[in-house]
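*Asks:* Per the working numbering, numbering through the first sequence is continuous, rising by one, with the last residue being 801.
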Amino acid sequence: MYRTHTCGELNITHVDAKVKLSGWVQKSRDLGGMTFVDLRDRYGITQLVFNMETNAELCRSARKLGREYVISTEGVVAVRSNKNSKIATGEIEILVESFSILNSSEVPPFTIEKETDGGDELRMKYRYLDLRRVEVRKNLELRHRMAIEIRNYLSNENFLEVETPVLIKSTPEGARDFVVPSRMNAGQFYALPQSPQTFKQLLMVAGFDRYFQIVKCFRDEDLRADRQPEFTQIDCEMSFVDRDDVLDAFEGLANHLFKSIKGVEIKEKYPKMAYTEALRRFGNDKPDTRFGMELVDLKEIATGKGFNVFDSAAYVSGICVEGCAEYSRKQLDELTDFVKKPQMGAKGLVYVKYNEAGSFKSSVDKFYSFEELQKWADAMGARPGDLLLVLAGDTEITRKALSELRLEMGRRLKLMEQKTFKPLWVVDFPLLEWDEETARYHAMHHPFTSPYEEDLELFKSDPGKVRAIAYDLVINGVEIGGGSIRIHNEGLQQQMFDNLGFTREEAAKQFGFLMGAFRYGAPPHGGIAFGFDRWVALFAELDSIRDTIAFPKNNAGRDVMIDTPSTISQDQLDELHLTLKKPESKK
RNA sequence: GGUCUGGUAGUUCAGUUGGUUAGAAUGCCGGCCUGUCACGCCGGAGGUCGCGAGUUCGAGUCUCGUCCAGACCGCCA
């Protein structure tokens, strides 16, 4: 037997008990006459004591224990004379009577402590060591608890978890697929699912009524801090529902998680904000509503006064930053540089300081009188002491830049408290999006999304205006999930494919199975999918989803620990009927 | 595909205008130490300054290329 207890559970009530513990040597402190060893496992840290007076030989051998040695030890629980209130077992220690080294360890390349000295790259390469750290482990524990709560909640709501295949069919719509060559079918490929979308719809046709799955999905696109090539979705679908049925059901799930995991009760219904309204008020479709500082359109009042930058702009808007009229030249230059970064793309930044005395100091004093600037200030609800920041230019670019500027000011003024949660539904997304590259419309959400019936006639006149019965759950500026009411009618689905520029043959080849199913009594249905990794990151207060994943990929999609992607042998290639374009020299 | 930032001891970093023998902290090794828990004190080892070219009397420092890492834009239905 290796242990009677874990390293996290012994306390004052166990005094005098004879116990066995096993774990890793976190650290040893050799004081000469006695040696302390911190023994660590998943559950905590327990102090072992060795004393030269009691057992000199044992004490001397304990001095040789290196960091991360795995040992098993036997001894008696004793009250500490000097207690440590920082750890759960801090009131007791083990008077060791014997121990054995189960495995030695090389000196680890970084310290395995709460605050490690290791950088990201090293930690990823030795991820199995990094995972020993409490800071990383607690994220995975949180992830586990959330998964349990989700399963319990949805199961209680009659949702059935059903597994769908991972080897499926490639489709050109949407993200790039990861493909898997088929050995038994020369020249043919499976694709890994970007989501179980069509399968969950087929489950609705099959009458499962309420489905969910916590499921891996795959997209072969470039990575970001919040994007991994393989990621986990909470995928859900319901039958006989309209939009608000779905929103209510999953507001329930979200509220359950807030309460059971974060101890937060959100009493009010989540606001529903139209996509166009979100863009107008916040400049993006995932507004962070923890603070105001909304975008105010100044096109009407600020143009026609001879300031060509504004007069020639399609879009002129600003934000009012409370209490920042005192900003220095240097600070304003920083903000200007911020919006002029190539990724941001704004040409410049106009500022107006609304001084405490009621006067204005702006970068456009030449063009605007006091009265005119007063109009701006009034339009923006500014008060003396505030700073107005105004951008102008192309609508899309400028709106995005202003939205980023708003978030930057929110960060600077510390308006984005991580303990505060502001969820909302963004609804009424456009059904279609014009794609310059392919010069055609494509589905903004996916081609199975139902349009509003009253918008159907716009298909002919102005397809970009057709609204989808689609919705996103946004919490604190993070898109946590999204879904839609689906098309369940073959004719409409066919029309949708027509509008997306599919030929009948293409549509039949790629999605014939779905449209075929629609002929056999498909119920009205809709659903949603949540980014599980992102949700965990939000609750763990992490900026990156990487530390919510046990073994994540790096920026370039590599797993640096197992060193993959990697080449395969010629035999494997032959078996898969594959010929590489040119010999790969890289490993 | 693009923009930006970084790469110096095991690790995290500093390194001035281009100038003698490249530093600190921590970790590691050795010694001392009986109540530590970031133990303390003394001593020691440890460097292809990512790699390759170039400029220069002289390059960690400047230039170009390249590789790696990270953030972002494009992309992500």
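From the three backbone atoms N, C-alpha and C, an ideal C-beta is built for every residue, glycine too.
Is threonine 260 helix, strand or coil when you go by DSSP?
*Replies:* To locate residue 260, count along the first sequence from 1; it is residue 46. Threonine 260 falls in the strand class under three-state DSSP.
*Asks:* Helix or strand or just coil, what does DSSP make of proline 303?
*Replies:* To locate residue 303, count along the first sequence from 1; it is residue 89. Here residue 303 turns out to be threonine, not proline, going by the sequence shown. The answer is coil: DSSP assigns threonine 303 none of H, G, I, E or B.
*Asks:* Applying the criterion that 16 or more other CB atoms from any shown protein chain within 10 Å of the CB defines a buried residue, is arginine 457 buried or exposed?
*Replies:* As a first step, residue 457 must be located in the first sequence, where it is residue number 243. Arginine 457 comes out buried.
*Asks:* By the 10 Å Cβ neighbour count, where 16 or more other Cβ atoms means buried, how is leucine 605 classified, buried or exposed?
*Replies:* For the purposes of this step, residue 605 is identified with residue 391 of the first sequence, where counting begins at 1. The residue in question, leucine 605, is buried, as its Cβ has 16 or more Cβ neighbours within 10 Å.
*Asks:* Excluding the 5 residues flanking glycine 735 on each side, which residues of the same chain have their C-beta closer than 6 Å to its C-beta?
*Replies:* Taking the first residue of the first sequence as position 1, residue 735 is located at position 521. There are no such residues.
*Asks:* With DSSP as the reference, label alanine 606 as helix, strand or coil.
*Replies:* Here residue 606 refers to the residue found at position 392 when the first sequence is read from its first residue. Three-state DSSP puts alanine 606 in a strand.
*Asks:* Relative to the C-alpha of alanine 731, which candidate in Glu482, Gln427 and Val419 has its C-alpha closest?
*Replies:* Along the first sequence, one-based indexing puts residue 731 at 517. For the residues Glu482, Gln427 and Val419, the minimum Cα distance to alanine 731 belongs to Val419.
*Asks:* Exposed or buried, histidine 791, counting other C-beta atoms within 10 Å across all chains shown (16 or more means buried)?
*Replies:* Here residue 791 is taken as the residue at index 577 of the first sequence, counted from 1. With fewer than 16 other Cβ atoms within 10 Å, it is exposed.
*Asks:* Assess, as a yes-or-no matter, whether the region 329-336 is touched by the region 431-443 under the definition of 3 or more beta carbon pairs within less than 8 Å.
*Replies:* With the cut-off at 8 Å, the region 431-443 and the region 329-336 do not touch.
*Asks:* Roughly how many angstroms separate the alpha carbons of tyrosine 541 and alanine 560, rounded to a whole number?
*Replies:* What you label residue 541 is simply residue 327 of the first sequence in a count that begins at 1. What you label residue 560 is simply residue 346 of the first sequence in a count that begins at 1. Cα to Cα, the separation comes out at about 20 Å.
*Asks:* Of the residues Trp238, Glu311, Asn298 and His228, which one's Cα is nearest the Cα of threonine 268?
*Replies:* Sequence index remark: in the first sequence, residue 268 carries index 54 (1-based). Minimum Cα distance to threonine 268 is reached at Glu311.
*Asks:* For tyrosine 484, is the classification buried or exposed, using 16 other Cβ atoms within 10 angstroms of its Cβ as the cut-off for buried?
*Replies:* Start at 1 with the first residue of the first sequence, and residue 484 comes out as number 270. Label assigned to tyrosine 484: buried.
*Asks:* Could you check what DSSP says for histidine 739 in three-state terms: helix, strand or coil?
*Replies:* Locating residue 739 in the first sequence gives position 525, counting from the first residue. Histidine 739: strand per DSSP, three-state reduction.
*Asks:* Locate the alpha helix (DSSP H) running through serine 275, then write down its first and last residues.
*Replies:* Locating residue 275 in the first sequence gives position 61, counting from the first residue. Start and end: 270-276.
*Asks:* Taking isoleucine 448 as the reference, give the member of Leu728, Asp551, Ala764 and Ile694 with the closest Cα.
*Replies:* Along the first sequence, read from residue 1 onward, the residue named residue 448 stands at position 234. Per the Cα distances, Ile694.
*Asks:* Which same chain residues end up closer than 8 Å to valine 680 when comparing Cβ atoms and leaving out the 5 residues on each side of it in sequence?
*Replies:* Locating residue 680 in the first sequence gives position 466, counting from the first residue. If we look at valine 680 and ignore the five residues flanking it on each side, its Cβ neighbours are Pro644, Leu645, Leu646, Pro665, Tyr666, Asp669, Leu670, Leu672 and Phe673.
*Asks:* Measuring alpha carbon to alpha carbon, tell me which residue in Lys297, Asn713 and Lys352 is nearest serine 675.
*Replies:* If you number the first sequence from 1, residue 675 lands on position 461. When only C-alpha atoms are compared, the closest one is Asn713.
*Asks:* Go ahead and label tryptophan 639 buried or exposed: buried means 16 or more other beta carbons lie within 10 angstroms of its beta carbon, across all protein chains shown.
*Replies:* By one-based count along the first sequence, residue 639 stands at place 425. Counting every other CB atom within 10 Å of its CB across the protein chains shown gives tryptophan 639 a total of 16 or more, marking it as buried.
*Asks:* If you reduce the DSSP assignment to three classes, tell me which class glycine 421 lands in.
*Replies:* One-based indexing of the first sequence puts residue 421 at position 207. It is coil, neither helix nor strand.
*Asks:* Please report the straight-line C-alpha distance between arginine 347 and leucine 687, rounded to a whole angstrom.
*Replies:* Here residue 347 refers to the residue found at position 133 of the first sequence. Here residue 687 refers to the residue found at position 473 of the first sequence. C-alpha separation (whole angstroms): 32 Å.
*Asks:* In the DSSP assignment, find the unbroken beta strand (DSSP E) run with threonine 550 in it and report its ends.
*Replies:* On the first sequence, position 336 is the one that residue 550 refers to. Run containing threonine 550: none in the beta strand (DSSP E); it sits in the alpha helix (DSSP H), 543-554.
*Asks:* Quick check on arginine 254: does DSSP put it in helix, strand or coil?
*Replies:* One-based indexing of the first sequence puts residue 254 at position 40. Residue state, collapsed to three classes: strand.
*Asks:* For a quick check, are the C-beta atoms of valine 239 and isoleucine 285 less than 8 Å apart?
*Replies:* Position 25 of the first sequence, counting from 1, holds the residue named residue 239. Position 71 of the first sequence, counting from 1, holds the residue named residue 285. In contact: valine 239 and isoleucine 285 (Cβ atoms closer than 8 Å).
*Asks:* Checking the sheet assignment: what are the DSSP bridge partners for histidine 656?
*Replies:* On the first sequence, residue 656 is found 442 positions in, with the first residue counted as 1. Paired residue(s): Glu647.
*Asks:* At the level of alpha carbons, what is the spacing between aspartate 547 and asparagine 522?
*Replies:* Here residue 547 is taken as the residue at index 333 of the first sequence, counted from 1. Here residue 522 is taken as the residue at index 308 of the first sequence, counted from 1. Distance between the alpha carbons of aspartate 547 and asparagine 522 is about 21 Å.
*Asks:* What residue ranges within the region 675-748 form continuous beta strand (DSSP E) runs of no fewer than 3 residues, ordered along the chain?
*Replies:* 684-689, 692-699 and 739-745
*Asks:* So, is tryptophan 648 buried or exposed, given that buried needs 16 or more other C-beta atoms within 10 angstroms?
*Replies:* The count along the first sequence starts at 1 and reaches residue 648 at position 434. Classification for tryptophan 648: exposed.
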